[in-house]
Amino acid sequence: MREHTAATTLDPVTLAVLKGRLEQIADEMDATLYRSAFNPIIAEAHDACHGLYDAQSGDTLVQGKSGLPVFVGAMAFAVRAAARVAQERGGMVDGDTWLFNDPYEGGTHANDFKLVRPFFRNGQLFCYLASAAHWHDVGGAVPGNYNPAATECWQEAVQIPPVRIVRQGQLDGDVLAILRANTRLPDSLWGDLNGQLSALELGVKRLDGLLDEYGDAVVLQAMGELRKRALVLMRAHIQNLPDGRYSFEDVLDNDGVKDELLTIALDMTVQGDRMTLDFSRTSPQCAGPVNISRATAVAACYVALKHVFPDVPANAGVLDAVDFVLPDGLVITAERPRPVGGYTETILRMIDVIFSATALADPNRAVAHAYGTINALSIAGHRTDAARKGQRWVMFSFFGGGHGGHSTGDGLSHSNAPISTATIPPLEILEAAYPVRFTEWSLRANSGGDGTHRGGLGAVYEIELLEESAEAFIFGERGKAPPKGIAGGGNALPNVFSYQHNGQWCKPPMVSKMLGIQLKKGERVRLETPGGGGWGPAAGRDAAARAHDLALGYVSDSNTTSSKVKP
Numbered sequence: 001m002r003e004h005t006a007a008t009t010l011d012p013v014t015l016a017v018l019k020g021r022l023e024q025i026a027d028e029m030d031a032t033l034y035r036s037a038f039n040p041i042i043a044e045a046h047d048a049c050h051g052l053y054d055a056q057s058g059d060t061l062v063q064g065k066s067g068l069p070v071f072v073g074a075m076a077f078a079v080r081a082a083a084r085v086a087q088e089r090g091g092m093v094d095g096d097t098w099l100f101n102d103p104y105e106g107g108t109h110a111n112d113f114k115l116v117r118p119f120f121r122n123g124q125l126f127c128y129l130a131s132a133a134h135w136h137d138v139g140g141a142v143p144g145n146y147n148p149a150a151t152e153c154w155q156e157a158v159q160i161p162p163v164r165i166v167r168q169g170q171l172d173g174d175v176l177a178i179l180r181a182n183t184r185l186p187d188s189l190w191g192d193l194n195g196q197l198s199a200l201e202l203g204v205k206r207l208d209g210l211l212d213e214y215g216d217a218v219v220l221q222a223m224g225e226l227r228k229r230a231l232v233l234m235r236a237h238i239q240n241l242p243d244g245r246y247s248f249e250d251v252l253d254n255d256g257v258k259d260e261l262l263t264i265a266l267d268m269t270v271q272g273d274r275m276t277l278d279f280s281r282t283s284p285q286c287a288g289p290v291n292i293s294r295a296t297a298v299a300a301c302y303v304a305l306k307h308v309f310p311d312v313p314a315n316a317g318v319l320d321a322v323d324f325v326l327p328d329g330l331v332i333t334a335e336r337p338r339p340v341g342g343y344t345e346t347i348l349r350m351i352d353v354i355f356s357a358t359a360l361a362d363p364n365r366a367v368a369h370a371y372g373t374i375n376a377l378s379i380a381g382h383r384t385d386a387a388r389k390g391q392r393w394v395m396f397s398f399f400g401g402g403h404g405g406h407s408t409g410d411g412l413s414h415s416n417a418p419i420s421t422a423t424i425p426p427l428e429i430l431e432a433a434y435p436v437r438f439t440e441w442s443l444r445a446n447s448g449g450d451g452t453h454r455g456g457l458g459a460v461y462e463i464e465l466l467e468e469s470a471e472a473f474i475f476g477e478r479g480k481a482p483p484k485g486i487a488g489g490g491n492a493l494p495n496v497f498s499y500q501h502n503g504q505w506c507k508p509p510m511v512s513k514m515l516g517i518q519l520k521k522g523e524r525v526r527l528e529t530p531g532g533g534g535w536g537p538a539a540g541r542d543a544a545a546r547a548h549d550l551a552l553g554y555v556s557d558s559n560t561t562s563s564k565v566k567p
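Per the working numbering, the sequence shown starts with residue 1, numbered consecutively.
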């Protein structure tokens, strides 16, 4: 072990090395799960996260670069929830791992299972290692669990409070049996759980090795210093914004139960080196599943701020310079049993209003709205071929769209939502795993907002059923209010979902949400996703850039919104 003491001042090189080594531990945990998970949402889309968390507060110390940013804020709540329950039952024990999916305690929704493992050194709790991952199916009324008509959490998925899945190194078979009994896909669940447990085991091994090399005190000191530096940098960025109150609001299409707009409203105050995010004017909690918990709301703010200030390290220091006003009883502070399964749609709108409020303070800092919906689509049925007759299948996936323009360029086309670093599952993987065929996968012309810097393009996905019959479910947003431009930029095109029934193309009564769509062999569903908003006045766009867009089919004279784009 190198000779260091707690009193030693860390030199910049050692701190940079330790930062990299700590992040590498989280990165390796991410990679372990991605390579071993059974379901494509983890293995291909990387809907997961790993990190190290403070032993006393549960706050985020380190997160991997490929993990979902939205989990950074939420997982701190998850670690605290597990620690609290453990304390009630005798305290954290070396070799235990706690598991749960309670979205009101740990944030996000019930598909995201959190595993929390205490890490001990010389008999003392040093920190926590934690894993979060989206399991393919965990019961509920709708395969894949995005139930657009849910009015209580039990209609969305099985609810698991913090329980020990591993007791002093031994897997608890009773808990595993309960989990396997509450899914349509028990083999997928078993594989994903094993992947998370293996990732945590590797994290313990790597962290032990780092501490043996540098010493416990030095690594602990580095963790604290990284948080302090994040706070210092965050304060400096806020200080550079003009003092003032900046307000913006946007809407959700509906809650899936009642076809009425819901408002997400922000009053952002900048005063010196502190920022206040006040969401008091937001709509009350609703009957349908676009509610989110307080933990999820804080996590959404973290993600938005990291986009605005990308050079700030990914730890709890990002939030130390920010005050939150999140009154009880809002759609963003919902409590059990209000359904929260569609949390992705609401946090995307929170990110949008933070972007737009920031643009009022400094348009060069902000990005125009991204496409604003993951378009969670499930198609499920039973196999009819002789080899697999009666076997249950569930295809769940999310889909991409355009990102907003910004002060230095156009938005990305066909990208994933800004809540994550996840990737859109490749069509080859989906076609190989499920009885479907993609008859179209293309960019959506004219879908990005015009501006000095154009919004990125959305996409067109058309999916044909190859089985005899199946049922489809869609949970989306942005069907009524399109993604907005900033600094004078134009809006993008809205979201469009349609499906075939008895030879006719139909659309959902609630525009972006519907369950129980009955499909027969050869029938299709179609998604035309929004682009991103534009940045700056359209008159400021370079003539050569417009000619380039037209040549590639990004825009067209006829404004046909679903035409294919040249590769």
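Heads up, the beta-carbon is just placed ideally off N, CA and C, and yes, glycines get one too.
Using 8 Å for Cβ pairs, my map puts Phe126 next to Phe119. What's the rounded Cβ distance?
Going by Cβ atoms, the distance from Phe126 to Phe119 rounds to 5 Å, so yes, they are a contact pair.
Should Ala459 and His414 be called a contact, given that it needs their Cβ atoms to be closer than 8 Å?
In terms of Cβ geometry, Ala459 and His414 form a close pair [threshold 8 Å].
Distance, Leu129 Cα to Val204 Cα
If you draw a straight line from the Cα of Val204 to the Cα of Leu129, it comes to about 8 Å.
Compute the Euclidean distance between the alpha carbons of Asn364 and Thr346, then round it to the nearest angstrom.
Approximately 25 Å, taken between the alpha carbons.
Count the other C-beta atoms from every protein chain shown that fall within 10 angstroms of the C-beta of Lys513, then say buried if there are 16 or more, exposed otherwise.
Lys513 counts as buried, since no fewer than 16 other beta carbons sit within 10 angstroms of its beta carbon.
Evaluate His548 with the Cβ neighbour count: other Cβ atoms within 10 Å of its Cβ, from every protein chain shown; 16 or more gives buried, anything less gives exposed.
Its Cβ having fewer than 16 others within 10 Å, His548 is exposed.
At 3 residues or longer, what runs of the beta strand (DSSP E) sit wholly inside the region 388 to 456?
The qualifying runs are 392 to 397, 436 to 443.
Look at the Cβ atom of Pro537, then the Cβ atom of Val340, and state whether they are nearer than 8 Å.
The answer is no: Cβ separation not under 8 Å.
Whether Ala295 touches Arg281 by CB criterion (8 Å)
Ala295 places its beta carbon 8 Å or farther from that of Arg281.
Take Phe38 and list the residues in its own chain whose beta-carbon comes closer than 7 Å to its own, dropping the five residues that flank it on each side.
Contacts found: Asp187, Ser188, Gly191, Asp192.
Would you check if the region 494 to 508 and the region 523 to 530 touch, i.e. whether three or more CB-CB distances between them fall below 8 Å?
By the Cβ criterion, the region 523 to 530 is in contact with the region 494 to 508, since at least three pairs of Cβ atoms, one from each stretch, lie closer than 8 Å.
For the beta strand (DSSP E) containing Asp54, list its first residue and its last residue.
Where Asp54 is concerned, the enclosing beta strand (DSSP E) starts and stops at 48 to 54.
Is the region 483 to 495 close to the region 436 to 454, with three or more CB pairs under 8 Å?
By the C-beta criterion, the region 483 to 495 is judged to be in contact with the region 436 to 454, since at least 3 inter-stretch pairs fall below 8 Å.
Residue from Glu23, Ala321, Ile517, Thr529 with nearest C-alpha to Ala222:
Measuring from the Cα of Ala222, the nearest candidate turns out to be Glu23.
Can you give me the C-alpha to C-alpha distance between Gly244 and Met268, rounded to a whole angstrom?
Rounded to whole angstroms, Gly244 to Met268 spans 8 Å at the Cα level.
Using the beta-carbon count (16 or more within 10 Å), is Val436 buried or exposed?
With a threshold of 16 other beta carbon atoms within 10 Å, Val436 meets it and is buried.
When DSSP labels each residue in this structure, what does Tyr34 get in the three-state scheme?
Reduced to three states, the DSSP call for Tyr34 is helix.
What residue from Phe100, Asp11, Val251 has the CA that sits closest to Leu176's CA?
For the residues Phe100, Asp11, Val251, the minimum Cα distance to Leu176 belongs to Phe100.
Own chain partners of Ala359 with C-beta closer than 7 Å, once the 5 adjacent residues on each side are dropped
Only residues of its own chain outside the window of five on either side were considered, and among them Ala366, Ile486, Ala487 have a CB closer than 7 Å to the CB of Ala359, listed in chain order.
Using CA coordinates, which residue listed in Pro530, Gln285, Leu457 is at the minimum distance from Thr151?
Nearest option by C-alpha distance: Gln285.
Local Cβ density within 10 Å of Ile332, reported as buried at 16 or more and exposed below that
Answer is buried; the Cβ neighbour count reaches 16.
Own chain, CB closer than 6 Å to Ala181, minus 5 neighbours either side, in chain order
Contacts found: none.
Note down, one range per segment and in chain order, each beta strand (DSSP E) of at least 3 residues found wholly within the region 253 to 340.
Every beta strand (DSSP E) of 3 residues or more that sits fully in the region 253 to 340 is shown, in chain order, as 262 to 271, 274 to 278, 322 to 325.
Taking 8 Å as the cut-off, does the region 342 to 356 touch the region 424 to 441 (at least 3 CB pairs, one atom from each stretch)?
No: fewer than three Cβ pairs fall under 8 Å.
Rounded to whole angstroms, what is the Cα-Cα separation between Asp311 and Gly516?
Those two C-alpha atoms are separated by around 45 Å.
So Ala368 and Gly533 are supposed to be a Cβ contact under 8 Å. How far apart are they, rounded?
The beta-carbon separation of Ala368 and Gly533, rounded to 3 Å, stays under the 8 Å limit for a contact.
For the beta strand (DSSP E) that Val568 lies in, which residues bound it at each end?
Here the chain has residues from 1 to 567 only, and residue 568 is not among them.
Residue environment, Pro530, which counts as buried when at least 16 other CB atoms sit within 10 Å
Its Cβ being crowded by 16 or more others within 10 Å, Pro530 is buried.
With distances taken from CA atoms, which of Ala81, Gly67, Leu33 is nearest Ala55?
Closest by alpha carbon: Ala81.
To the nearest angstrom, how far is the alpha carbon of Phe324 from that of Ala300?
For Phe324 and Ala300, the gap between their C-alpha atoms comes out near 12 Å.
Starting from Val496, follow its DSSP beta bridges and name the residues at the other end.
Looking at the DSSP assignment, Val496 forms a beta bridge with Glu528.
Using CA atoms only, rank isn't needed, just tell me which of Trp154, Ala304, Val270 is closest to Phe355.
It is Ala304 whose Cα lies nearest to the Cα of Phe355.
To the nearest angstrom, how far is the alpha carbon of Tyr371 from that of Glu213?
Here the alpha carbons of Glu213 and Tyr371 stand approximately 46 Å from one another.
Ile41 - DSSP class collapsed to helix/strand/coil:
The answer is helix: DSSP assigns Ile41 an H, G or I state.
Asp137 by DSSP, collapsed to three states: which one?
The answer is coil: DSSP assigns Asp137 none of H, G, I, E or B.
Mapping DSSP to helix, strand and coil, what is Val70?
DSSP places Val70 in helix when its eight states are reduced to three.
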